[in-house]
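Comments concern the structure below.
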Amino acid sequence: MWPSEPIAASVIRIPSNARNRCRSFISLQKDHPMQAIRIKKPELLAPAGKEEVVWAAIEAGADAVYLAGKNFNMRRHRADFNFTAEALERSVTFAHARNRTLYVTVNTLVGTSEVDLLRDYLLYLDALGVDALIVQDLAVVALHRSLGLKVPLHASTMMNVGAPDAATFLARHGFTRVVTSRDITLDDVRRIRETTGVEVEYFIHGDMCAAQSGQCFQSGLIFGKSGNRGQCMKPCRWKYDLMSGAAADQPVLSGVHLLAAKDMCLIQQIPELVRAGVDALKIEGRMRPAPFVADLVRLYRNAIDRYCDNPLAQSRTLPEIADMQQSRVRNLTTGFAFNAPDSRYMDLDGEREPVFLSYAGTLPTLQSDAPPFLPYSGPGLNGIPDRPIELTVFAGTRTQADAAAPFADNLVLCWEGDLQSGSHWDLTAISDLASRCKQANKRLLLASPRIITEREAREWRLVAAALAEELAGFSVTSIAALEGVRGLGKPLWGEASLNVLNPEALRFLAGEGISRLLPALECGFEDLTLLADHGLTPFLELPVQGPLVAMILEHCLVGMALQGISKREICRMPCAIDTFYLRDARGTVRRICTDTYCRNHILMENDLCLLSAVPALMSLRPASFRIDARLADPATLPACLVAYRKAMAGDPTGAAEFSAAHPGQPFNRGAYPKGIIHDVEKSITSFER
């Protein structure tokens, strides 16, 4: 029998620590006599590539929609998708009239030639009253500040936020939300939310990239069409052979889609998403038609409402599952939400692959030693004092560092190591090397891991603090790494993985303490001349020799293929006793390197070599040239450095000696000949300030 009088609030006591733990996903209704607990519903965020999709998604129950204008977006393969000014204005009006929010993606890398266009676009979007911008390039952050814009900033997944340090950095610069990396677990997401207080958005459905977000360069290097510019040609969807052996001649698997990830689907995991404190659940698919998006939104809307309104009724046997299986594009996976996935993460047969945008391609190899570029002759460097150009070596082992030290001005040590070569550093070796470098008046810096989750962030802070007094500085690979060492008072350099192509982003990082920077790996020579026009190339270190890392994978292809396991399981470590490669349909072979975190680094087929371009590169007056020696033979490394020293001194014999020492070995010029910015369309110049 129910009592005739309301039960006093004091009857139900919820300890303060329990309230704190669950505050992110529940609210206590204090006016109710039973202090009923209501679960906070996360925002359901739907994609839209056309105007009718906005209407359909909102009518189906989406709380918010994200879309893009004709430029600066990650879906640029078809001209009939994305929004004109008029369509964008109608969509904002439609959404706001129904109390829904609308976000605009401005999440590509930006070239110097596009900055004025970007400035106009940001002013337009701010005046239009969109609810947030989803951004990747730090130029947007810099312009947002200098223009005094009010529109909130959300960090795109392309910023690769995988640790609280990255979210902390972004919060300092006004970001209210981060779209986390797709390669982290819900536990990682929860820690970001609880540690920083920044809202988190997580992909729950749709296309998955095999490579780490923002760190895939294969399409840009091969085709000049970059995944960081919304034009990825999807080499991850090609068929490959997995090969082994020093000569890459031993087949392990043949003709399978080794990099073709299944589609994400987390409709059965709504409770876990809510408990992790995820503020927004994001559906991928801005190229999908209105009925497809509406059906997905409706299914997720029902699942979210069912759980949040009555958690006792939650069941994994949802009626939506059958519908989702029926309408799926690819086979489905939970991805990294609960741990590193095993071999079931990949659709090896590729039978459900909807479209192939390209077929096997390769980087052009050097055909001549003739200078490939004309020297820079613009006025941008007038008045800037001349200074000697330095030579920096990126070393993976102690023997490489020892071999390079007599010929280099700077040594940068690679953090991750390589399981095939057994390379890794310890504090004693670094300390000893630092002492020797000081005596020889050379700089020794330590580079951070390329990918930073909470584990790497913690290790990076500890090691950096321990070595701060001995090292000349640190070279940071990401905003998380930058946040981890910004208080140590040491000189900071920036690695190419920061993806800088324009003056605004470069100046922004200079304001954060970066004194020397490698431009983005996809930066072309023409892009460098535009930076020279702004007088900024003297702050750059230009890569001239060594392997090009085309992709970084969180999972281990070798473990998946040979043992069917994830990297969280007991592994026989085949990558430590053999060398593995991907071979495409053209027979092009790309090496797979595995670092100490069991991440795969897929290299381009040939090393970068710019000996013949040294005079043109010197005309840009960079701070230094970078030779990546992580895979170099210590016995032959000195000869390579001598060749560059001679070229820098105007002595042509160095290049001839280098060619004679590498007869028939193919090299390439990376992204220098074409870059990735040439594809810009002037389709939004009508936007007025």
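So for the sequence shown, the working numbering puts the first residue at 1; every next one is plus one. Think of the CB as a built atom: it goes at the ideal place given N, C-alpha and C, for glycine as much as any other residue.
Would you call the CB atoms of residue 260 and residue 346 closer than 8 Å? Counted from its first residue, the sequence shown places residue 260 at position 260. Counted from its first residue, the sequence shown places residue 346 at position 346. In contact: residue 260 and residue 346 (Cβ atoms closer than 8 Å).
Using beta-carbon positions only, say whether residue 416 and residue 450 come within less than 8 Å of one another. Counting from one through the sequence shown, the residue named residue 416 turns up at place 416. Counting from one through the sequence shown, the residue named residue 450 turns up at place 450. Their beta carbons are under 8 Å apart, which means residue 416 touches residue 450 by this criterion.
Segment contact flag, the stretch 537 to 551 with the stretch 624 to 641, C-beta cutoff 8 Å, min 3 pairs: yes
Any idea if residue 288 is buried or exposed, counting beta-carbon neighbours within 10 angstroms, 16 or more meaning buried? Looking up residue 288 in the sequence shown gives position 288. Under this definition residue 288 is a buried residue.
Can you check DSSP and say which residues form a bridge with residue 243? For the purposes of this step, residue 243 is taken as the residue at position 243 of the sequence shown. In the DSSP output, where bridge partners are listed per residue, residue 243 has 251 and 581.
Considering only their Cβ atoms, is the gap separating residue 155 from residue 507 smaller than 8 Å? What you label residue 507 is simply residue 507 of the sequence shown in a count that begins at 1. What you label residue 155 is simply residue 155 of the sequence shown in a count that begins at 1. Not closer than 8 Å, so no.
Rank 112, 125, 90 and 113 by C-alpha distance to the C-alpha of residue 105 and give the top, closest one. Mapped onto the sequence shown, residue 105 falls at position 105. It is 125.
Identified DSSP bridge partners for residue 371: Residue mapping note: residue 371 aligns to position 371 of the sequence shown, counting from 1. Residue 371 is not bridged to any residue.
By the three-class DSSP mapping on this structure, what secondary structure does residue 200 have? Along the sequence shown, one-based indexing puts residue 200 at 200. It is a strand residue.
With a threshold of 8 Å, are at least 3 pairs of Cβ atoms found where one atom belongs to the stretch 60 to 70 and the other to the stretch 289 to 304? yes
Nearest residue (CA-CA) to residue 208, options 553, 515 and 443: Your numbering for residue 208 matches position 208 in the sequence shown. Answer by Cα proximity: 553.
I'd like to check one pair, residue 300 with residue 321: are the Cβ atoms closer than 8 Å? Looking up residue 321 in the sequence shown gives position 321. Looking up residue 300 in the sequence shown gives position 300. Contact flag unset, no.
Taking the straight line between their C-alpha atoms, what separation do you get for residue 639 and residue 399? Stepping through the sequence shown from its first residue, residue 639 is reached at position 639. Stepping through the sequence shown from its first residue, residue 399 is reached at position 399. About 15 Å.
Assign residue 150 to one of two classes, buried (16 or more other C-beta atoms within 10 Å of its C-beta) or exposed (fewer than that). On the sequence shown, residue 150 is found 150 positions in, with the first residue counted as 1. So residue 150 ends up on the exposed side.
Cβ atoms of residue 663 and residue 372: under 8 Å apart, would you say? Position 372 of the sequence shown, counted from the start, is the residue given in the question as residue 372. Position 663 of the sequence shown, counted from the start, is the residue given in the question as residue 663. No, the Cβ-Cβ distance between residue 372 and residue 663 is not below 8 Å.
Can you name, in chain order, every residue of its own chain whose Cβ lies under 8 Å from the Cβ of residue 133, other than the five neighbours on each side? What you label residue 133 is simply residue 133 of the sequence shown in a count that begins at 1. Result list for residue 133: 103, 104, 105, 106, 122, 125, 140, 144, 151, 152, 153 and 154, in chain order.
Start and end residues, beta strand (DSSP E) containing residue 280: Here the question's residue 280 lines up with position 280 in the sequence shown. Unbroken beta strand (DSSP E) run through residue 280: 280 to 283.
Inter-residue CB distance, residue 676 and residue 229 (contact presumed, cutoff 8 Å): Taking the first residue of the sequence shown as 1, we reach residue 676 at position 676. Taking the first residue of the sequence shown as 1, we reach residue 229 at position 229. Contact holds; Cβ gap of about 6 Å.
Per the DSSP calculation, residue 667 is bridged to which residue(s)? By one-based count along the sequence shown, residue 667 stands at place 667. In DSSP, residue 667 forms a bridge with 607.
Going by C-alpha distance, which of 274, 651 and 278 is nearest residue 314? What you label residue 314 is simply residue 314 of the sequence shown in a count that begins at 1. Answer by Cα proximity: 274.
Could you check what DSSP says for residue 86 in three-state terms: helix, strand or coil? For this step, residue 86 is matched to residue 86 along the sequence shown. Note: residue 86 maps to helix in three-state DSSP.
What's the call for residue 310, buried or exposed, on a 16-neighbour Cβ count within 10 Å? Locating residue 310 in the sequence shown gives position 310, counting from the first residue. With fewer than 16 Cβ atoms within 10 Å of its Cβ, residue 310 is classed as exposed.
Just the Cα atoms here: how many angstroms apart are residue 694 and residue 256? This structure cannot settle anything about residue 694, because the visible part of the chain is limited to 1 through 689.
Residue of 501, 453, 590 and 213 minimising C-alpha distance to residue 115: Position 115 of the sequence shown, counted from the first residue, corresponds to residue 115. Considering only alpha carbons, the answer is 501.
In the DSSP output, what is residue 424 paired with across the bridge? Locating residue 424 in the sequence shown gives position 424, where the first residue counts as 1. Bridge partners of residue 424: none, in fact.
How would you label residue 218, buried or exposed, when you count the other beta carbons within 10 angstroms and need 16 or more for buried? Mapped onto the sequence shown, residue 218 falls at position 218. The residue in question, residue 218, is buried, as its Cβ has 16 or more Cβ neighbours within 10 Å.
From 227, 181, 78 and 286, pick the residue whose C-alpha is nearest to that of residue 336; which is it? To locate residue 336, count along the sequence shown from 1; it is residue 336. When each option's Cα is compared against that of residue 336, the closest is 181.
What are the boundary residues of the beta strand (DSSP E) that residue 493 is part of? Looking up residue 493 in the sequence shown gives position 493. Here the beta strand (DSSP E) through residue 493 covers 492 to 494.
Could you tell me the distance, in whole angstroms, from the CA atom of residue 277 to the CA atom of residue 185? As a first step, residue 277 is located in the sequence shown; it is residue number 277 there, counting from the start. As a first step, residue 185 is located in the sequence shown; it is residue number 185 there, counting from the start. So the two alpha carbons sit approximately 13 Å from each other.
Is DSSP giving residue 456 helix, strand or coil here? Taking the sequence shown and counting its residues from 1, the one referred to as residue 456 is at position 456. Helix at residue 456.
Within the stretch 133 to 199, note down every full beta strand (DSSP E) run reaching 3 residues or more, in order along the chain. 153 to 155 and 175 to 179
Roughly how many angstroms lie between the CA atoms of residue 176 and residue 510, to the nearest whole one? Taking the sequence shown and counting its residues from 1, the one referred to as residue 176 is at position 176. Taking the sequence shown and counting its residues from 1, the one referred to as residue 510 is at position 510. Approximately 23 Å between the Cα atoms of the pair.
Would a C-beta distance cut-off of 8 Å place residue 423 and residue 453 closer than the cut-off? As a first step, residue 423 is located in the sequence shown; it is residue number 423 there, counting from the start. As a first step, residue 453 is located in the sequence shown; it is residue number 453 there, counting from the start. The answer is no: Cβ separation not under 8 Å.
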